[in-house]
Amino acid sequence: MRPWLILAALALARVAFGYQYQAVATLGPDLFVALPLGVLGRRFGDRPVLASGLALMIAGAALDAAAAGPSGIVLGRAVGGVGAVAMIVLQGKVIADFFTGRRFMIGISVSACAFPIGVGLAQIVLPPVARAFGWQAALATEAVAPALALGLFLVSYRQPAAVASQPRGFAWPTKRECLLVVIAGSIWTAYTSGYSGYTSYVPATLTARGESLAMIGLVLVIATWGNVPATMLGGGLAARFGGLRIFLIANAALVIGMAGTALTGGAIFWAFLIGVVGSIHPGVIMAVGTLSARSENRAVGMGLFYSVYYLGGTISPALCGYAADRLGGPEGGVLAAAVLSAITVPLFLLHRKLGRHETMLARA
20 MRPWLILAAL ALARVAFGYQ YQAVATLGPD LFVALPLGVL GRRFGDRPVL
70 ASGLALMIAG AALDAAAAGP SGIVLGRAVG GVGAVAMIVL QGKVIADFFT
120 GRRFMIGISV SACAFPIGVG LAQIVLPPVA RAFGWQAALA TEAVAPALAL
170 GLFLVSYRQP AAVASQPRGF AWPTKRECLL VVIAGSIWTA YTSGYSGYTS
220 YVPATLTARG ESLAMIGLVL VIATWGNVPA TMLGGGLAAR FGGLRIFLIA
270 NAALVIGMAG TALTGGAIFW AFLIGVVGSI HPGVIMAVGT LSARSENRAV
320 GMGLFYSVYY LGGTISPALC GYAADRLGGP EGGVLAAAVL SAITVPLFLL
370 HRKLGRHETM LARA
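Just add 19 to the spot in the sequence shown (first one is 1) and you have the working numbering.
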């Protein structure tokens with residue numbers, strides 16, 4: 020029962036991250052703190068660092084709500100952003116500590132699909148609260164999910180014996196582990212960049228074709244909300260049929276759906292292909308990243324993983340924008356998103372080849 024309570028706490032924390040991200044855009048401390056926070060997790064343990072991260076998310080929300088102007092909100096976002104990164108860096112490791120085999124794929128998929136739930140909740144909750152009680156009250160709601168997550172985590176988490184026996188220190192993963200982690204982080208970067216490029220440029224693409232706001236909204240709802248049950252389903256399918264098969268099927272659906280959106284009509288069909296079939300593999304990618312380093316090196320490894328991800332996330336929007344300019348329309352940005360999504364396949368196969376003799380990757 021304890022592992023599932025811990026997973027519930029981590030899922031709530033991930034929901035909180037999506038909610039806070041949607042409430043006020045983060046300002047980019049992530050790249051610079053991901054790796055140090057992973058090192059701190061290795062040195063001091065998962066419980067204090069992850070709990071501190073959740074506490075910082077609560078503090079950031081409080082600062083946002085108490086802010087008298089933009090500068091106060093900037094401070095709140097910085098504090099909350101650091102806390103969110105601490106939670107994100109360590110959550111995969113904690114899940115791997117408590118879940119093995121097929122249960123690991125299910126657990127990591129639950130975590131992966133929690134972020135869009137938070138984004139969706141923010142879209143539902145924030146506007147009416149802001150209208151009824153003001154924007155400060157709306158921002159105060161950011162503290163609810165991390166507070167619940169922190170309480171549940173502190174009550175349920177007990178360090179596994181195998182983890183407790185590992186030496187504490189500032190040890191670094193091996194060169195091989197670092198290489199696998201960097202490749203896995205690049206896969207996650209390409210996947211999320213492609214998806215973000217699609218959601219960023221498809222509204223302008225459909226507007227240019229004369230589609231209504233209702234149609235554009237429906238396309239985005241299918242493409243975004245569809246990935247919540249799809250990611251959960253994908254975790255179970257990967258556990259049953261293997262991560263490689265699920266990854267390749269989903270990636271093909273993503274690339275075809277994005278290219279189809281850019282080049283033809285039928286946006287709703289393509290959105291279904293992207294948001295449902297093309298969204299069954301985030302858990303597979305996160306599993307590969309989490310298992311790229313041994314348990315004792317996993318906290319630092321995930322810090323490196325997310326450093327690669329945040330660095331790539333600063334570059335990819337410019338690539339989609341450049342493609343849109345060069346091709347003379349927003350559909351160019353959607354095509355660039357398809358290319359970014361396609362890049363994940365050779366990266367995934369390279370990771371699989373380099374890690375094929377590693378028993379730690381057998382579960383992925």
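All C-beta atoms, glycine included, are put in the ideal place defined by N, C-alpha and C.
Between the C-alpha atoms of residue i and residue j, what's the straight-line distance to the nearest angstrom?
i: A86; j: R345; result: 42 Å
i: W207; j: A97; result: 23 Å
i: R150; j: A162; result: 19 Å
i: L333; j: R228; result: Residue identity differs from the one stated: residue 333 is Thr in this sequence, not Leu. One C-alpha to the other measures close to 29 Å.
i: R313; j: G294; result: 33 Å
i: L46; j: L173; result: Low local confidence applies: a pLDDT of 42 at L46 is under 50, so the model's placement there is unreliable, with the coordinate-based value given in what follows. Going from the Cα of L46 to the Cα of L173 covers about 28 Å.
i: I25; j: R122; result: 14 Å
i: L31; j: L366; result: 31 Å
i: L94; j: W154; result: 17 Å
i: L169; j: A278; result: 42 Å
i: I114; j: P89; result: 37 Å
i: G91; j: A84; result: 9 Å
i: I136; j: F291; result: 18 Å
i: V34; j: R66; result: 19 Å
i: Y210; j: E196; result: 21 Å
i: T193; j: E315; result: 11 Å
i: F117; j: I265; result: 24 Å
i: A249; j: A27; result: 19 Å
i: P349; j: N246; result: 23 Å
i: G60; j: L69; result: 8 Å
i: V101; j: R21; result: 27 Å
i: A181; j: A164; result: 30 Å
i: S175; j: T160; result: 24 Å
i: F260; j: W289; result: 25 Å
i: V144; j: L29; result: 21 Å
i: A257; j: A141; result: 30 Å
i: L369; j: L232; result: 42 Å
i: A242; j: A355; result: 17 Å
Got a sec: does the ligand MN put a non-hydrogen atom nearer than 7 Å to the Cβ of residue i?
i: R195; result: Inclusion of the ligand MN in the displayed structure is not the case, the ligand content being empty and no account of it being possible.
Does the distance from the CB of residue i to the CB of residue j come in under 8 Å?
i: I299; j: G253; result: yes
i: W244; j: G139; result: yes
i: A337; j: G213; result: no
i: S219; j: C339; result: yes
i: L225; j: A133; result: no
i: G351; j: A343; result: yes
i: L39; j: A81; result: According to the sequence provided, residue 39 is Gln. The question's Leu does not apply to it. Going by C-beta atoms, Q39 is not nearer than 8 Å to A81.
i: I202; j: P222; result: no
i: A269; j: G297; result: yes
i: A131; j: G255; result: no
i: V148; j: S311; result: no
i: G216; j: V353; result: yes
i: L263; j: R371; result: yes
Can you tell me whether residue i is buried or exposed? The criterion is at least 16 other CB atoms within 10 Å of its CB, across all chains shown.
i: R317; result: buried
i: A157; result: buried
i: F63; result: exposed
i: K112; result: buried
i: G72; result: buried
i: G374; result: buried
i: Q335; result: In the sequence under discussion, the amino acid at residue 335 is Ser, which differs from the Gln named in the question. Flag for S335 reads buried.
Problem - Inter-stretch contact at 8 Å, needing at least 3 Cβ pairs: the segment 357-370 / the segment 261-277 - result: Result yes; three or more Cβ-Cβ pairs closer than 8 Å.
Practice task
Flag this pair as touching only if the segment 106-116 and the segment 307-325 have three or more C-beta atom pairs under 8 Å; answer yes or no.
Solution key: yes
Problem - Sufficient close CB pairs (3 or more, under 8 Å) joining the segment 53-62 to the segment 121-139 - result: no
Exercise for the section: Evaluate the contact criterion for the segment 74-81 versus the segment 277-286: three or more CB pairs, one atom per stretch, below 8 Å. Expected result: Counting Cβ pairs under 8 Å, fewer than three are found: no touch.
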